[in-house]
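Following the numbering used here, the numbering of the sequence shown begins with 3 at its first residue and continues without gaps.
Ideal Cβ positions, reconstructed from N, Cα and C, are used throughout, including at glycine.
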Amino acid sequence: MASLRRYHFWYLRLLIAGFVISGIAAAGPRATLETPQVVQTEKPLVCVHTRLIDEVFEWKIQRSLQMVREMGADTIVEFFPWVYAEPGDGIYSWDSFDRIVRHARNQGLHIIARMGLVPFWARDDIAEQSTTLNYLPEDSFSDFADFVAVFAARYAGVIDHIIIWNEPNLSFEWGYRPVDPEGYVRLLQAIYAPAHAANPNVVILAAPLAPTLEPPGSPHGLNDLLYLQALYDAGAAAFFDALAVHTYGFTEPPEVEPGDTVLNFRRAELLHSIMVAYGDTAKPVYITESGWNDNPRWTKAVRPSERAAYTVNSYRWAEENWPWADKLCTWVLRYPANTGTYPDNFTLITPDFEPKPVYNALQEYAR
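In structure tokens:
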């Protein structure tokens, strides 16, 4: 998923910036809080990854979360970028986080927070390097740990699940550096105790790894199975409470057998088998990204009808065969605006809140 993430990361931000500057859309209705809602669901495994942090209008955040509840999901995964909330060292700005939390609580939803993106003040040694906002110098691990602890304390009892980073087995997600499992373990170690001191009930999730077959020494990343083994070999088990996992179906139905050289939905089973091999059987797994794409021009996509069926059947498979999976979160509810590329075809609803067939199928399954 590396190329997808690079394209989406920059294109979507430019698109949203242009949207705001040009003022081509009306502000819309005010986002008045409703009477507190309760999610009606028959399938507690159902979860969806949202991307609300880049939404300009608060009423659209509210409507998005209403549609999560109406679909029958009781949990969202949402990105909370460090760079947004601490633009200066010790200088905090919580508004963009608070409005997501406020509306999620009002809709009766639980939140799994994913943390990442480094503020410039914490990465001042990069002037002559080609890198990204995912670059976190080791000297700044303690700064990030401090932020996670402040976040954990601020939202204790509201957000008690925190994912540390995203796909660190990809060079892009590790700041265009060679991937470093031992370095990621040191990051977890820096964070774990302060976060638990700030919120004793916090669940620290080790980062989901990108499903990839990249061999050792590749400039692009490292095979997720090898990376997870390296994490355990470096002592990571002591510094996380649950494992986050990304597992996509690509062109295959969810029931297809996994294999070391195959990328498909059941690859999550191979990751869990590594946990078992290292005796780490008590920890749950949270599938924080999963799904199929139905773009007619992408070679890794399926038909819309197949996408709907495969998505629902993936929940059935997990429900019947994965007792270790706490949540299965479909990527992605909605983007604030269309990108004009295949990432749009991962969404469950359009920017104008029109449900797609996969949304309707999940709603019928969950409720």
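The DSSP-derived three-state label of valine 48 is strand.
Secondary structure at aspartate 296: coil, using DSSP grouped into helix, strand and coil.
For glutamate 57, there is no enclosing beta strand (DSSP E), as DSSP gives it neither H nor E.
By the 16-neighbour rule on beta-carbons within 10 angstroms, serine 307 is exposed. Counted as a single uninterrupted DSSP element, the stretch harbouring histidine 222 is not any alpha helix (DSSP H), since DSSP gives it neither H nor E. Exposure of tyrosine 94 is indicated by the presence of fewer than 16 other C-beta atoms within 10 angstroms of its C-beta. Counting every other CB atom within 10 Å of its CB across the protein chains shown gives leucine 35 a total below 16, marking it as exposed. Distance from the CA atom of arginine 309 to the CA atom of glutamate 257, rounded to whole angstroms, is 14 Å. DSSP, reduced to helix, strand and coil, places phenylalanine 81 within a strand of the structure shown. In the structure shown, tyrosine 250 falls within a strand segment according to DSSP collapsed to helix, strand and coil. Taking all protein chains in view, the Cβ of glutamate 44 is surrounded by fewer than 16 other Cβ atoms within 10 Å, so the residue is classified as exposed. Judged by DSSP in its simplified three-state form, tryptophan 333 adopts strand.
Inter-residue distance for proline 139 and leucine 211 is about 20 Å (C-alpha atoms, whole angstroms). With a contact defined as Cβ atoms closer than 8 Å, tyrosine 178 and threonine 134 qualify at about 6 Å. Contact annotation: alanine 124 and serine 142 have beta-carbon atoms nearer than 8 Å. In the structure shown, arginine 116 falls within a strand segment according to DSSP collapsed to helix, strand and coil.
A distance below 8 Å between beta-carbons, with the five flanking residues on each side excluded, links glycine 219 to no residue of its chain. Sequence-distant partners of glutamine 64 (beyond 5 residues in either direction) whose C-beta falls short of 7 Å from its own C-beta, in its chain, are Ala33 and His105. DSSP places isoleucine 93 in no alpha helix (DSSP H); its state is neither H nor E.
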